[in-house]
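Colleague: Let me begin by handing over the structure; questions about it come next.
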Amino acid sequence: MSPSETDTPLPLAAVRTVAGLRAMVAKWRRAGETIGLVPTMGALHRGHMSLMTLAQTEVDRVVVSIFVNPTQFGPDEDLDKYPRQERSDADKLAAANVDLLFAPQVTEMYPDGFSTTVSVEGVSEGMCGGKRQGHFDGVSTVVSKLFMQCLPDVAVFGEKDYQQLQVIKRFARDLDFPIRIIGGPTEREEDGLALSSRNAYLSDEQRGIASHLPQILKGTALAIASGHVSPDLALQQGITALNAAGFDDVEYLELRDVETLVPLVSLDRPGRLLVAVHLGKTRLIDNVAVNLA
Ligand code: AMP
4 MSPSETDTPL PLAAVRTVAG LRAMVAKWRR AGETIGLVPT MGALHRGHMS
54 LMTLAQTEVD RVVVSIFVNP TQFGPDEDLD KYPRQERSDA DKLAAANVDL
104 LFAPQVTEMY PDGFSTTVSV EGVSEGMCGG KRQGHFDGVS TVVSKLFMQC
154 LPDVAVFGEK DYQQLQVIKR FARDLDFPIR IIGGPTEREE DGLALSSRNA
204 YLSDEQRGIA SHLPQILKGT ALAIASGHVS PDLALQQGIT ALNAAGFDDV
254 EYLELRDVET LVPLVSLDRP GRLLVAVHLG KTRLIDNVAV NLA
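Those letters in the sequence shown? Residues 4 to 296, by the working numbering.
Written as structure tokens, this is what we have:
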């Protein structure tokens, strides 16, 4: 490890190579310390920071990766304009006492000849997996690599990306990664909108419309949990409410099993309500628990 691996020194220990990451982790291991990993794509906000705080309660040392992973973006998605602000991210990580930033270049993660994909069936199908072709293959492959590169004891991901969290839990179990996967609760704005790097793309008018998303999601979850209407009817009413609020497209609003993510037609077990909507070119996702009354 050496801060000099970055062009300008950053305010915390930072490495760009797998070798540098492994050297630092090995040093901690020799001292008997436990390690947590929080993978991110940067543009850090309070939601990301809450995952680091959570990791710090579980382990001695926390590594944060910042890597805008090209393989999880579709051809028409926002890879090029995805916000990149390493310097201010590093300041936030330093202030939060994160132990190491791992910020590899694309060529470090995908050298010439790279040919392997980790693909998860079942939980990755439908919802974000249906509309964003190849998205979860990209996520599963890059997170597998980060796991092998860092070999942490725990890895923390946000419930904000609920389907992603279940996909990662699934392959970690299937591939026997000796890593405990922890989900952290979604951090929200005062009006309930889930924090997201993509909220910055919203105009004032779109931001006003966006504030209806958590309200409608919660209302639909309560309607389903009350048992007074069928889940199907509650979902239809939810979609109608989203359209009426002014969202340009409702990609999906679905009730799924909390772990396997199979669709639920009745609330006969703990469920999760998941939504994706579009405002102009911006895509917003959110989800809430739906518990038996
Ligand atoms: P990203 O940089 O968007 O890939 O997100 C990195 C991690 O932060 C993922 O595990 C996300 O689920 C998590 N995350 C994103 N937004 C939030 C939020 N509002 N609250 C908690 N975690 C979040």
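Think of the CB as a built atom: it goes at the ideal place given N, C-alpha and C, for glycine as much as any other residue.
Measuring only the C-alpha atoms, how far is Ala93 from Val268?
Modeller: Cα to Cα, the separation comes out at about 45 angstroms.
Colleague: I'd like to confirm something about Ala203: is its beta-carbon nearer than 6 angstroms to some heavy atom of the ligand AMP, or not?
Modeller: No, the Cβ of Ala203 stays beyond 6 angstroms of every heavy atom of the ligand AMP.
Colleague: Identify whether Val253 lies in helix, strand or coil by the three-state DSSP scheme.
Modeller: Correct three-state label for Val253: strand.
Colleague: With distances taken from CA atoms, which of Asn72, Asn294, Lys95 is nearest Leu149?
Modeller: Looking at the Cα atoms, Asn72 is the closest of the given residues.
Colleague: Going by beta-carbon coordinates alone, are Glu257 and Ala279 separated by less than 7 angstroms?
Modeller: No.
Colleague: Indicate whether at least one CB of chain C lies closer than 7 angstroms to the CB of Gln218.
Modeller: This model lacks chain C altogether; it includes just one protein chain.
Colleague: Closer than 6 angstroms by C-beta to His48: which residues in its own chain qualify, once you throw out the five before and the five after it? Chain order, please.
Modeller: So the qualifying residues of the chain are Leu198.
Colleague: Locate the beta strand (DSSP E) running through Ile306, then write down its first and last residues.
Modeller: The question about residue 306 has no answer here: the residues shown for the chain are numbered 4 through 296.
Colleague: What's the call for Asn246, buried or exposed, on a 16-neighbour Cβ count within 10 Å?
Modeller: Its Cβ having fewer than 16 others within 10 Å, Asn246 is exposed.
Colleague: Please classify Gly50: is it buried, with 16 or more other beta-carbons within 10 angstroms of its beta-carbon, or exposed?
Modeller: Counting Cβ neighbours within 10 Å, Gly50 comes out buried, since at least 16 surround it.
Colleague: Going along the chain, which unbroken runs of the beta strand (DSSP E) with 3 or more residues stay wholly within the segment 28-90?
Modeller: Listed in chain order, the complete beta strand (DSSP E) runs (minimum 3 residues) inside the segment 28-90 are 38-43, 64-69.
Colleague: For Val157 and Tyr165, what's the separation of their Cα atoms in angstroms?
Modeller: Approximately 18 angstroms, taken between the alpha carbons.
Colleague: Name all residues in chain order for which at least one heavy atom of the ligand AMP lies closer than 5 angstroms to the residue's CB.
Modeller: For the ligand AMP, the selected residues are Thr43, Met44, Gly50, His51, Phe160, Gly161, Lys163, Asp164, Thr189, Glu190, Ala197, Leu198.
Colleague: If you compare alpha carbons, which of Ala22, Ala29, Gly39, Arg32 is closest to Ile185?
Modeller: The residue with the shortest Cα to Cα distance from Ile185 is Gly39.
Colleague: Taking all protein chains shown into account, decide if Pro42 is buried (16 or more other Cβ within 10 angstroms of its Cβ) or exposed.
Modeller: So Pro42 counts as buried.
Colleague: Give me the Cα-Cα distance between Ala292 and Ala16, rounded to the nearest whole angstrom.
Modeller: Cα-Cα distance, rounded: 38 angstroms.
Colleague: Here's the rule I'm using: 16 or more other beta-carbon atoms within 10 Å means buried, otherwise exposed. How should Arg33 be labelled?
Modeller: Exposed is the call here.
Colleague: Please report the Cβ distance between Met300 and Ala99, rounded to the nearest whole angstrom; I am assuming they are in contact, meaning their Cβ atoms lie under 8 angstroms.
Modeller: Coverage of the chain is limited to positions 4 through 296, which leaves residue 300 absent and any answer about it impossible.
Colleague: Between which two residues does the alpha helix (DSSP H) harbouring Arg275 extend?
Modeller: Where Arg275 is concerned, there is no enclosing alpha helix (DSSP H), although the beta strand (DSSP E) it sits in stretches over 274-282.
Colleague: Look at the Cβ atom of Ala226, then the Cβ atom of Ala237, and state whether they are nearer than 7 angstroms.
Modeller: It is a contact, given that the beta carbons lie within the stated cut-off.
Colleague: Considering only residues of the segment 166-236, which uninterrupted alpha helix (DSSP H) runs meet the minimum length of 4 residues and lie entirely inside it, listed in chain order?
Modeller: Fully enclosed alpha helix (DSSP H) runs of 4 or longer: 207-213, 215-229.
Colleague: Starting from Asp140, follow the beta strand (DSSP E) in both directions and report where the run begins and ends.
Modeller: Note, Asp140: premise wrong, no beta strand (DSSP E); alpha helix (DSSP H) at 138-153.
Colleague: Beta-carbon separation of Val62 and Met55 under 7 angstroms?
Modeller: The answer is no: Cβ separation not under 7 angstroms.
Colleague: Could you tell me whether the segment 138-155 touches the segment 72-92, using the rule of 3 or more Cβ pairs below 8 angstroms?
Modeller: With a cut-off of 8 angstroms, the segment 72-92 and the segment 138-155 count as touching, because enough Cβ pairs lie within range.
Colleague: Just reading off the beta strand (DSSP E) that Thr285 is part of, what are its end residues?
Modeller: Looking at the DSSP string, the run of the beta strand (DSSP E) that includes Thr285 is 285-293.
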